Structures are given as C-alpha cells and as structure tokens.
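Everything on this sheet refers to the single structure shown next.
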Amino acid sequence: MRTQRTLVMLLGAVIAAASVPAGSQEAEGTAPAPRTPSASREARKFLAPADQVVAIRAARLFDSRSGKMLANPVIIVRGERIAEVGAGLPVPAGATMIDLGSATVLPGMIDGHVHLNLNQPDSPSKRTLIALANGQVDLEAGFTTVLDMDSRGGFNTVEIRDAINSGMFLGPRMQVVGQSINQRATNLYPDLQSLRYYEGFTENKNTNSPWLARAAVREAKLHGVDWIKIYTTQDFVGPVHMWRSDATLVNSPSLTLEEVEAIVDEAHRLGLRVACHTYGGEGMRSCLSAGVDSPNHLLELDDAGVKLLLQKKLFFVPTIDDLISLEKADLRETGGRNSRLRLMEQAFKKALAAGVTIVFGSGATSATIPHGRQADQFAYFVKWGMTPVQALQTAYLPAARMLNYGWESQIGSIEKGKFADI
Numbered sequence: 004m005r006t007q008r009t010l011v012m013l014l015g016a017v018i019a020a021a022s023v024p025a026g027s028q029e030a031e032g033t034a035p036a037p038r039t040p041s042a043s044r045e046a047r048k049f050l051a052p053a054d055q056v057v058a059i060r061a062a063r064l065f066d067s068r069s070g071k072m073l074a075n076p077v078i079i080v081r082g083e084r085i086a087e088v089g090a091g092l093p094v095p096a097g098a099t100m101i102d103l104g105s106a107t108v109l110p111g112m113i114d115g116h117v118h119l120n121l122n123q124p125d126s127p128s129k130r131t132l133i134a135l136a137n138g139q140v141d142l143e144a145g146f147t148t149v150l151d152m153d154s155r156g157g158f159n160t161v162e163i164r165d166a167i168n169s170g171m172f173l174g175p176r177m178q179v180v181g182q183s184i185n186q187r188a189t190n191l192y193p194d195l196q197s198l199r200y201y202e203g204f205t206e207n208k209n210t211n212s213p214w215l216a217r218a219a220v221r222e223a224k225l226h227g228v229d230w231i232k233i234y235t236t237q238d239f240v241g242p243v244h245m246w247r248s249d250a251t252l253v254n255s256p257s258l259t260l261e262e263v264e265a266i267v268d269e270a271h272r273l274g275l276r277v278a279c280h281t282y283g284g285e286g287m288r289s290c291l292s293a294g295v296d297s298p299n300h301l302l303e304l305d306d307a308g309v310k311l312l313l314q315k316k317l318f319f320v321p322t323i324d325d326l327i328s329l330e331k332a333d334l335r336e337t338g339g340r341n342s343r344l345r346l347m348e349q350a351f352k353k354a355l356a357a358g359v360t361i362v363f364g365s366g367a368t369s370a371t372i373p374h375g376r377q378a379d380q381f382a383y384f385v386k387w388g389m390t391p392v393q394a395l396q397t398a399y400l401p402a403a404r405m406l407n408y409g410w411e412s413q414i415g416s417i418e419k420g421k422f423a424d425i
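Note that my numbering has the sequence shown beginning at 4, numbered continuously upward.
This is the structure:
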C-alpha cells in the first residue's frame, strides 16, 4: 500500500515529467531541446493532463526563497503547474485532494552534479537502462531535477532526457553534458572501445588547439546536449597518480587557458553552458578566468580563486559524496596526511566565508556513491558552517539559477506559475 509520502512524490513525478519548460529556451535565444515524438496516449502516460486539478494540504511548507515555513499551506495544481499556493486556500470543486496531515512539504530538490551511470564495461543498452533507473531513484528521493555530468558511453543521457520529456518514462527533469571533453593529463582508458567515438569516451577526442576545442563543442551541440563539461585537471581515478610524496595534489593541467576560453565562448555562442572539473593549480585558474558557468570541486581554492568567483559571479559546486567514498584510499596513499575530503572542507569554508554562491551537487555515481542518498551532504554543509536553512537552500533557487535556459522561473520553489515539483 502506498503511503501519503509516496503518493505525493509520485504526483510530483507525474507533474514534473514535462522536463523542458515551454518558452524558457527561446528566451535565451536558442532552439528548444528536442522532444521525443509520442504517437499514443500510452506513450505520454507520465505527463499530467492539462485539465487535472490536484490540491495538496499539509502542516507546513518550506519557502525556499525566504527560508521560512508557511503554516497550513494548500497548493492547487492545474495540469503540471502550480495555480495557487497559500495558507488555508479553498479547494476547488472536483479537485483530487491529498491531505498530508502533520507533514512538511518541500520543493523538489536539484542535484547539480550526478553521473547516472559510469558502469563502463557494460553494453550501451545496459548503461542506458541503469542510467534511467538511477534517475528514478533520485526522483523518489526528492531530487526532481538533476544535471548529469557525463555518464560515459555516447549520448544516451540525451535520449533518456527526451524520453522523460515526452512522458514515455517516469524520471526527473534532466540537463545533460552527454560526453565530456578531457584531454587526458596523466591517465588513459586502455580499452579498444575508447577508440570508437559514439560508444566511447570524449577523452579521446582531439582538442589540441582552440579551434579543435570549438569543433568538439559544435559536435556535442549536434547531439542535443544542454551543457559542455571539461576537465582541466585529472579526473577521479582513485588515488592513482593523485598525490605527490609530500601529500599534496599533483594537479596535472590538461586544457590550456586559450582552449578553455574557446570552449566557453563557443558554448555560449550556441546557447550551451559549461561545467568544469578542476582541483587546483593552473587548471583551476583557467576555468575561473575563462568564466565557466559551473566550477566543480575546487579542492585547492585560494584567495585569488575566491576573488575570481566573486568578480565573475560564478557558482561553486562542491561534491562531497564522491569524496567520502575516496577517503580511505586517499588516507592510505598519503599515510594519513591528506585527503580530498579534507581539502574540500577547507575550500568550502573559504568560499562560504567570502559569500560565494554554493550550489548542491553530490557526485552520485554508483553503488559506492549511491543515488538516492544525496541528502546526507546537507549534514556536511551544516558541519562546515552553514545553517540548516542555508544548506537546504543550496538545492533550490541557486541551483535553478545555475541551470541552462533560465530555469529559475520554472523550478526551485513552490510558487504560482512554476512546475509542481513537490
């Protein structure tokens, strides 16, 4: 038997199924993301009917804009949008009523950094199925929007996004990078599959010059991505080649500043945004100087980096769940002297003290960095200096502002006119 909580989450999922807000992309001067054609009502079964009216009543509602609680809220949903929200509103005749009693209603959360599937040895079809299943797990955990930061093996996340948009499958709203762009620093994928482009890894794509970097962006755009992701320092490969003998990060740079600037310029020219995986050093300076839209990790964030974040009004996406899973290996490799989680704590506190806008991103990936448990990261945010309200807010309006296509006007809070991601 479904609990009330499950019913509401399923309701939010159904209402949230139309993932790309109508008109939001046109406002940015770019074409709407492609939608998968659906020939039957059955193929659109996870889209809310336009004439559907649902009323939700609860004891409290978290206002993610003000950070305060609204007592005795009633939310009226027509179709997929919030029609009215307020204390003690009358329920329209004929509306489906969901009474949550003493429960608190939250807006759907946004995870600004997930990998729906990184099971590289699997076939492309199996990777797609795993990615869809992980997205559904995130949705059931309250994350109604996710930004997929590369799930390896082609552009299957584009197709998953479009299938969810069409109502064919239940799933969260998605923005995706498809394949990332990474001129490998110290490591290579050794398997022969990486030589095949569509099923393989963009890490093998030649971006050895600003013009080749632009070409990689253009090719990704043709596949229908929302974002470009780049690596300017080596990526998460466990502790291998990660640490110097003095327990400091190696931070091998890959893309040059000129290549990063070309990628950012070309992406923005085509209506895309850019995320950057970087730890520190030259790679971090390149990302911040070029003005990437979503700098991730920033483990060796220094005063100069903070200054650039503030000057350029950039977001900071610290991922913690992935670092928790790497903690034991890092401590083993450094003889207990250092770890990426310790560096993240220092970077987080520095950014918070300076007033940098921090956005929730978990790094959820696999069984060791599980989907559906990302909310544990809020506790670290509080431990490192945020109030509980500040921590929770990182998964709402700041995250919505960071996303492409002006989604702050569509998601991130329970307000009239927005999608009913509840």
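C-beta atoms are modelled at their ideal positions from N, C-alpha and C, and glycine is treated no differently. What you are looking at is a predicted structure, and each value in this text was computed from that prediction instead of being measured.
The Cβ-Cβ distance between His118 and Met152 falls below 8 Å. Three or more Cβ pairs closer than 8 Å define a contact, and the segment 315-332 meets that threshold against the segment 341-355. The Cβ atoms of Ile233 and Val263 lie closer than 8 Å to each other. When secondary structure is reduced to three states using DSSP, Ser289 falls in the helix class.
In the displayed model, Thr147 falls within a strand according to three-state DSSP.
Of all alpha-carbon atoms in Arg81, Ala61, Arg343, Ile79, the one lying nearest the alpha-carbon of Leu73 is that of Ala61. A direct Cα-to-Cα measurement between Arg47 and Ser169 gives close to 6 Å.
Below 8 Å, enough C-beta pairs join the segment 285-293 and the segment 305-313 to call them touching: three or more. The C-beta separation of His226 from Gly181 comes to about 5 Å, placing the pair in contact by the 8 Å criterion. In its chain, beyond the 5 residues on either side, Ala357, Gly358, Val359 have a beta carbon closer than 8 Å to the beta carbon of Leu313.
Trp410 and Ala90 have their C-alpha atoms spaced approximately 26 Å apart. Ranked by Cα distance from Ser248, the options Val267, Thr337, Arg276 are led by Thr337. Spatial neighbours of Phe381 in its own chain (CB-CB distance under 7 Å, excluding positions within 5 residues in sequence) are listed in chain order as Ala394, Leu395. When Cβ pairs closer than 8 Å are counted between the two stretches, the segment 103-121 is seen to touch the segment 135-150, the count reaching three or more. Of the candidates Leu275, Arg221, Asp229, Leu50, the residue whose Cα lies closest to the Cα of Gly174 is Leu50. When the five nearest sequence neighbours on each side are left out, the beta carbons in the same chain lying within less than 7 Å of the beta carbon of Ile372 are those of Asp324, Asp325, Ser328, Gly366, in order along the chain. Residue pairing by DSSP places Ser297 opposite Ala278 in a beta bridge. Beta-bridge analysis with DSSP links Val56 to Arg81.
Burial check for Glu261: the Cβ neighbour count within 10 Å stays below 16, so the residue is exposed. Straight-line measurement puts the Cα of Leu109 at about 17 Å from the Cα of Thr390. Judged by DSSP in its simplified three-state form, Glu87 adopts strand. Contact between Thr368 and Phe384 does not hold, since the beta-carbon distance rounds to 20 Å and is not under 8 Å.
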